[in-house]
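Heads up, the thing below is written out as structure tokens.
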Amino acid sequence: MDEEMREAPPRPTVEAPVFRAPKMVSRPKPPVQQEEELGAEPKLGDFEGEHPLSISEARAVVTAIHAARRKRDPGTNPLGGDRVHNDSQSIQQFVDYIDMFARYKQTENLHAVGGIFDANDKINPIERAMLGSLGPDSADEAKTLIPSLATKFEDEQLQPILEELQKLQDRFG
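UniProt numbering puts the first residue of the sequence shown at 1, with every later residue one more than the last.
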């Protein structure tokens, strides 16, 4: 037996088990969103750097796309036949909305509005889109709705611009 014990491999020393807490696992944190606010400088968050459109400009784009689709051969229309947009409820509601709320429906008026804004280089694209969509009547109303205008214009400077915009609006059609 002594020989057997000498030839047997040595027993490994066993350490006492040590308790280890599991690694802390937490939910992934949502990405930090950029703030969106209309203050002295408008912040658009994820849309910063994108070109904003007024409702009238969006209507002009959609109308041009529909006109181009009408000119196509019905056989090559991906929507089939003479359809100009897919008939989903949300698309139809969007088209109805821009038709109802566009302030400048005639192309000439829309170009004239662009000319008014181009003549005033203090007005940035965000303010252009908002002025074109909201159509404020007075400088005070415009500055309340678009706070960044308050730092750029006095009431006496802004009011003539608003009056020109109002003259170009399509009130009944």
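Every residue gets a Cβ at the ideal spot worked out from N, C-alpha and C, and that includes glycine.
- Looking at the backbone, the Cα of residue 16 and that of residue 24 are separated by about 24 angstroms.
- Listed in chain order, the non-local C-beta contacts of residue 58 below 6 angstroms within the same chain comprise 98, local neighbours out to five positions each way being set aside.
- In the DSSP assignment, residue 66 falls within the unbroken alpha helix (DSSP H) covering 55 to 71.
- Here residue 167 carries a helix assignment [DSSP, helix/strand/coil].
- Taking a contact to require three or more Cβ pairs closer than 8 angstroms, the segment 62 to 77 and the segment 132 to 148 do not qualify as touching.
- Two segments are said to touch when three or more pairs of C-beta atoms, one from each, lie closer than 8 angstroms; by this definition the segment 62 to 69 does not touch the segment 143 to 155.
- In this structure residue 102 is in contact with residue 55, their Cβ atoms being roughly 5 angstroms apart against a cut-off of 8 angstroms.
- Contact annotation: residue 52 and residue 126 have beta-carbon atoms nearer than 8 angstroms.
- CA-CA distance, residue 149 to residue 170, rounds to 24 angstroms.
- Following the DSSP letters along the chain, one finds residue 109 inside the alpha helix (DSSP H) bounded by residues 107 to 118.
- Less than 8 angstroms separates the beta-carbon of residue 168 from that of residue 104.
- With 16 or more neighbouring CB atoms inside 10 Å of its own CB, residue 153 falls in the buried class.
- Annotated as proximal: residue 62 and residue 95, with beta-carbon spacing under 8 angstroms.
- Exposure of residue 45 is indicated by the presence of fewer than 16 other C-beta atoms within 10 angstroms of its C-beta.
- Rounded to whole angstroms, residue 41 and residue 64 show a C-alpha spacing of 32 angstroms.
- DSSP places residue 123 outside any alpha helix (DSSP H), giving it a letter other than H or E.
- Residue 165 is not a Cβ neighbour of residue 134, given a cutoff of 8 angstroms.
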